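Under UniProt numbering, the first residue of the sequence shown is numbered 1, with each subsequent residue one higher.
Don't be surprised by glycine CBs; every beta carbon is placed ideally from N, CA and C.
Keep in mind it's a predicted model, so treat the numbers as computed, not measured.
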Amino acid sequence: MTAHQASVALRPFYFAVHPDRFAREPNVRNGNEKALQVFNGYLNSLFPRPVVCQTPVQIDFMVRDKDDNKLKRIRISLSGVDVEQIVRTTLELCDLSTENLPTKSKGATDEPSSSTKWSAYGLDERARFAAAGQPSIIWLINWDQSHMRRCLMNVQSMMADQEAKEDVIHALNGRKLIFGRGSHVCCDGSLQFGADDATGAWQKVCVESGVRRFDVRNLELLMERARELLDGVLLIRRPHENVLSAIQQMQIFIGKICSQPKNEREILKGLLSSDIAMEVVNCYQELMVVEGCLQIPCCVEFQPLKKFIAANAIRSRQLRQEHFERKWQLELVKDACVKALALSELTWDDSLPFETLRVCMEKLRRIGPEKAVEFTQLSIHLSNSPKIFVMFNGRLSVPIGWIKEL
Numbered sequence: 001m002t003a004h005q006a007s008v009a010l011r012p013f014y015f016a017v018h019p020d021r022f023a024r025e026p027n028v029r030n031g032n033e034k035a036l037q038v039f040n041g042y043l044n045s046l047f048p049r050p051v052v053c054q055t056p057v058q059i060d061f062m063v064r065d066k067d068d069n070k071l072k073r074i075r076i077s078l079s080g081v082d083v084e085q086i087v088r089t090t091l092e093l094c095d096l097s098t099e100n101l102p103t104k105s106k107g108a109t110d111e112p113s114s115s116t117k118w119s120a121y122g123l124d125e126r127a128r129f130a131a132a133g134q135p136s137i138i139w140l141i142n143w144d145q146s147h148m149r150r151c152l153m154n155v156q157s158m159m160a161d162q163e164a165k166e167d168v169i170h171a172l173n174g175r176k177l178i179f180g181r182g183s184h185v186c187c188d189g190s191l192q193f194g195a196d197d198a199t200g201a202w203q204k205v206c207v208e209s210g211v212r213r214f215d216v217r218n219l220e221l222l223m224e225r226a227r228e229l230l231d232g233v234l235l236i237r238r239p240h241e242n243v244l245s246a247i248q249q250m251q252i253f254i255g256k257i258c259s260q261p262k263n264e265r266e267i268l269k270g271l272l273s274s275d276i277a278m279e280v281v282n283c284y285q286e287l288m289v290v291e292g293c294l295q296i297p298c299c300v301e302f303q304p305l306k307k308f309i310a311a312n313a314i315r316s317r318q319l320r321q322e323h324f325e326r327k328w329q330l331e332l333v334k335d336a337c338v339k340a341l342a343l344s345e346l347t348w349d350d351s352l353p354f355e356t357l358r359v360c361m362e363k364l365r366r367i368g369p370e371k372a373v374e375f376t377q378l379s380i381h382l383s384n385s386p387k388i389f390v391m392f393n394g395r396l397s398v399p400i401g402w403i404k405e406l
């Protein structure tokens, strides 16, 4: 079982125990949040190659009973390296569906030597990153396949270079590699290579990665300090952001808060709580509420910040809960659509509005059998793009406007 397959199969579990579902029960929320960190940490240690000796772990989650909606405790024992067994046991203990667990075809092997989907697009170079212990590659851009192939070949060339080889392999070992805009070490410790940058910039990131991972820890400490100043608020940080930029933003923000008299800081703390989400962003953005999250520019002045939080804290909590509920409803519609059309996968652009997605998926689900057969086993991606095309990952990008005309 791959990491992606495990993630798909565990989707109902993640929704059932998600901390945002228990915004009105802080103890349950905090308990589930800590248990999820342990659960995900254990699973992540099994990819790409499991550690032979895993220390058994017991964790408790609180979920709502399907019959009477009352809270009940679920105890999960994590042991061994059989990912499929762990996923199946977790779902069964929570009384959740196991239909998304992958089924092995007769004679299939657990770990194919290469992916036929990727080789079909000329991207077999991914398999060669095994030498660097590279578990996954993430594309934050939708480049032409030939350009993406050149990016992968350039990484191979770096690993073949006698001078750069040691630094590159050490930096990539067991880490995520992201291709996006700009080259840097990310907030979660992964590496991002700028797809427009020369390989010299990539090598510089690899050389600096050891030091930058200390910066990742420094960022965690800064965020912990910010939480103390903000009464334990749920502080959000985008994992693929440049860790140095994030540290600078947090230092500026903490300095702004700490420069205030103690009574002013106490007033600010009184406006916040652990069930309110906040994100500290760069100086060029504005005070605003996005999907129930308070976005705060790092250089904001204290009095405007206090007024903004006083006016929006309670509303943001409600909006976040509504946002989570809409996501849950959207997942239900998606699952029904995938089942009705026998799709292999269904994804969409993050920028598409909830209601637009819901209407489009409902329309897809209700198309006649003569059209439905054309979608069987396809991986569909709903997009704002005006054209239908095959994406780098094999998904078929389908315009929203085209579905509206069905």
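Span of the alpha helix (DSSP H) holding residue i?
i, result
"residue 335", "302-341"
"residue 358", "354-365"
"residue 183", "Note, residue 183: premise wrong, no alpha helix (DSSP H); not H, not E."
"residue 346", "Unbroken run through residue 346 is the beta strand (DSSP E), 345-348; no alpha helix (DSSP H)."
"residue 250", "243-258"
"residue 238", "From DSSP, residue 238 is part of no alpha helix (DSSP H); its letter is neither H nor E."
When the distance is taken between beta carbons, is residue j closer than 8 Å to residue i?
i, j, result
"residue 302", "residue 287", "no"
"residue 343", "residue 375", "yes"
"residue 192", "residue 180", "yes"
"residue 185", "residue 208", "yes"
"residue 27", "residue 19", "no"
"residue 178", "residue 138", "yes"
"residue 219", "residue 247", "yes"
"residue 151", "residue 195", "yes"
"residue 316", "residue 345", "no"
"residue 203", "residue 158", "yes"
"residue 292", "residue 277", "yes"
"residue 56", "residue 36", "no"
"residue 226", "residue 267", "no"
"residue 356", "residue 400", "yes"
"residue 222", "residue 250", "yes"
Have a look at the options and flag the residue whose alpha-carbon is nearest the alpha-carbon of residue i.
i, options, result
"residue 161", "305, 74, 219, 199", "199"
"residue 189", "215, 391, 137", "215"
"residue 90", "12, 167, 64", "12"
"residue 387", "373, 372, 403, 379", "403"
"residue 70", "357, 22, 38", "22"
"residue 140", "254, 356, 337, 241", "241"
"residue 339", "364, 353, 351", "364"
"residue 169", "197, 318, 205, 182", "205"
"residue 88", "80, 81, 98", "98"
"residue 212", "171, 234, 228, 154", "171"
Could you name the residues of the same chain whose beta carbon sits closer than 6 Å to that of residue i, not counting the 5 residues immediately before and after it, in chain order?
i, result
"residue 83", "1, 6, 46"
"residue 232", "274"
"residue 289", "312, 316"
Measure the alpha-carbon distance for residue i versus residue j and round it to whole angstroms.
i, j, result
"residue 398", "residue 377", "15 Å"
"residue 24", "residue 30", "11 Å"
"residue 320", "residue 296", "16 Å"
"residue 323", "residue 369", "33 Å"
"residue 381", "residue 101", "21 Å"
"residue 239", "residue 187", "5 Å"
"residue 341", "residue 385", "22 Å"
"residue 94", "residue 38", "17 Å"
"residue 361", "residue 156", "41 Å"
"residue 358", "residue 336", "11 Å"
"residue 42", "residue 67", "31 Å"
Counting along the chain, where does the beta strand (DSSP E) carrying residue i start and finish?
i, result
"residue 381", "379-383"
"residue 279", "277-281"
"residue 22", "No beta strand (DSSP E) holds residue 22; DSSP gives it neither H nor E."
"residue 290", "288-290"
Under 7 Å Cβ to Cβ from residue i, same chain only, skipping five residues before and after it: list those, please.
i, result
"residue 73", "60, 62"
"residue 252", "298, 299"
Counting only C-beta atoms, is residue i closer than 8 Å to chain D at any point?
i, result
"residue 170", "Within the model displayed, chain D is absent; a lone protein chain is all it includes."
Using a Cβ-Cβ cut-off of 8 Å (strictly less than) and excluding sequence neighbours within five positions of residue i, which residues of its own chain qualify?
i, result
"residue 310", "271"
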